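Participant:
In full-length UniProt numbering, the protein residues as written are 1 to 105.
Take a look at the structure:
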């Protein structure tokens, strides 16, 4: 049976494959830019999705920086593909300032 999602409601994600794919695409696009950040995905622990002027996906994951250091981060991907640079990615990693970047869908 399909799970119905109410606009604005937060829903836990049980199948993390699409979340993983979306995060990898964002990490790759941002790493290709001059101001990064430059992370690869280690492991996803959990994710939720919310429909609000697009789709907002919140992820708790291990990200690996250029030096091979693993960081536990909260990552929010706010997807509004009808806008230029309509994907906003926010990184909240332990012990570091918040980083917000955008890229095209």
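Every residue gets a Cβ at the ideal spot worked out from N, C-alpha and C, and that includes glycine.
Remember, it's a predicted structure, so these values are computed and weren't measured experimentally.
Out of 91, 48 and 27, which has the shortest C-alpha to C-alpha gap to residue 38?
Facilitator: Checking every option, the nearest Cα to that of residue 38 belongs to 27.
Participant: Measuring only the C-alpha atoms, how far is residue 53 from residue 102?
Facilitator: Cα to Cα, residue 53 sits roughly 16 Å from residue 102.
Participant: Short of 8 Å in beta carbon distance, which residues of its chain neighbour residue 96, apart from the five on each side in sequence? Order them along the chain.
Facilitator: 71
Participant: Pick out whichever of 36, 11, 56 and 74 has its Cα sitting closest to the Cα of residue 87.
Facilitator: The candidate whose alpha carbon is nearest that of residue 87 is 56.
Participant: Cutting at 7 Å between CB atoms, please list the residues of its own chain near residue 1, excluding the five before and the five after it.
Facilitator: With a pLDDT of 39 at residue 1, under the threshold of 50, the predicted position of this residue should be treated as unreliable, though the coordinate-derived value follows. The beta carbon of residue 1 sits closer than 7 Å to no other beta carbon from its chain once the five residues preceding and following it are set aside.
Participant: Within the continuous beta strand (DSSP E) that includes residue 14, where are the two ends?
Facilitator: It is not in any beta strand (DSSP E) - residue 14 carries neither H nor E in the DSSP assignment.
Participant: Kindly indicate the opening and closing residues of the beta strand (DSSP E) around residue 58.
Facilitator: Here the beta strand (DSSP E) through residue 58 covers 55-64.
Participant: Could you pull the start and end residues of the beta strand (DSSP E) that residue 42 belongs to?
Facilitator: 40-51
Participant: Measure the alpha-carbon distance for residue 83 versus residue 36 and round it to whole angstroms.
Facilitator: 21 Å
Participant: In its own chain, which residues sit with a C-beta less than 6 Å from the C-beta of residue 93, not counting the 5 before and 5 after it?
Facilitator: 71 and 73
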